[in-house]
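K.L.:
Before we start, here is the structure in question, set down as structure tokens.
Laid out in structure tokens, this is it:
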């Protein structure tokens, strides 16, 4: 019994520990305002999961971590934190020592894709982390923008139509007589006007004769 307790104590003494300190940042000037529900989760091999609650000194601590590769995620109600990869491995030189290392990782990428290192240590590691963004649950309603209103395609089409409706008759009335006569002649020779225009042909089209086979 005594030997079993000695072995258990030696195992716990050699197990790695991870201490995470949340520092002030642009998105979180005062980490003390984090809600008590803030916590961190270490997910390792299938079925391995460790949780750590936020302490009063704005730290999260994991103790007695066995050798494995973990994904560290900090959950907060109002802020996002970058995910980290934590590796715990045995030191080759010492049988009862462990190396613990942390890197930034990226969701949706391969597990071997490591980001910037956060630190490494023997049997214990203390790292510092900051909030990467603040969660926005509501979208701020923008005010009325006159310039944006006038840039709307529907408004521009309406303005152009108004210019043609009210401006074209004024231009025609003040046009030079010779130019006005040339414009009227061009109108008569247009593809949509005149005796041979498409509009006239469609209006005089004999549907019954065409169905009867007349040319």
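Residue numbers (mature numbering (1 follows the signal peptide of the UniProt record, and there is no 0)): -15 to -1, 1 to 200. Cβ atoms here follow ideal geometry from the backbone N, Cα and C, with glycine treated the same way.
How should residue 149 be labelled, buried or exposed, when 16 other C-beta atoms within 10 angstroms of its C-beta is the threshold for buried?
P.N.:
exposed
K.L.:
In chain order, what residues of the same chain have a beta carbon less than 6 Å from the beta carbon of residue 109, not counting five sequence neighbours either side?
P.N.:
Cβ contact annotation for residue 109 (same chain, cutoff 6 Å, sequence separation greater than five): 2, in chain order.
K.L.:
Could you check the C-alpha separation between residue 61 and residue 18 for me, to the nearest Å?
P.N.:
11 Å
K.L.:
Does DSSP classify residue 17 as helix, strand or coil?
P.N.:
helix
K.L.:
Helix, strand or coil for residue 130? Go by DSSP, reduced to three states.
P.N.:
Three-state result, residue 130: coil.
K.L.:
DSSP three-state call for residue 6: helix, strand or coil?
P.N.:
strand
K.L.:
Name the two residues that bound the continuous beta strand (DSSP E) containing residue 123.
P.N.:
Element bounds for residue 123: n/a, residue is neither H nor E.
K.L.:
In or out: residue 116 buried (at least 16 other Cβ within 10 Å) or exposed?
P.N.:
buried
K.L.:
Express the C-alpha separation of residue 128 and residue 39 in angstroms, rounding to a whole number.
P.N.:
40 Å
K.L.:
Would DSSP call residue 158 helix, strand or coil?
P.N.:
helix
K.L.:
Counting Cβ pairs, one atom from each stretch, are 3 or more of them under 8 Å apart for the region 19 to 39 and the region 49 to 67?
P.N.:
yes
K.L.:
For residue 114, which residues does DSSP report across the bridge?
P.N.:
Beta-bridge pairing links residue 114 to 7.
K.L.:
Let me check understanding here. Comparing Cα to Cα, which of 81, 83 and 98 lies closest to residue 89?
P.N.:
Of the listed residues, the one whose Cα sits closest to residue 89 is 98.
K.L.:
For a test of the three-state rule: what should DSSP assign to residue 91, helix, strand or coil?
P.N.:
When DSSP states are grouped into helix, strand and coil, residue 91 belongs to the coil group.
K.L.:
Less than 7 Å between the beta carbons of residue 120 and residue 63, yes or no?
P.N.:
Yes. Within cutoff.
K.L.:
Assuming the contact rule is C-beta atoms closer than 8 Å, residue 76 and residue 82 should be a hit. Round their C-beta distance to whole Å, please.
P.N.:
4 Å
K.L.:
Please work out which residues of its chain come closer than 7 Å, Cβ to Cβ, to residue 37, disregarding the five sequence neighbours upstream and downstream, and give them in chain order.
P.N.:
24, 25, 45, 46 and 47
K.L.:
Locate the beta strand (DSSP E) running through residue 107, then write down its first and last residues.
P.N.:
102 to 107
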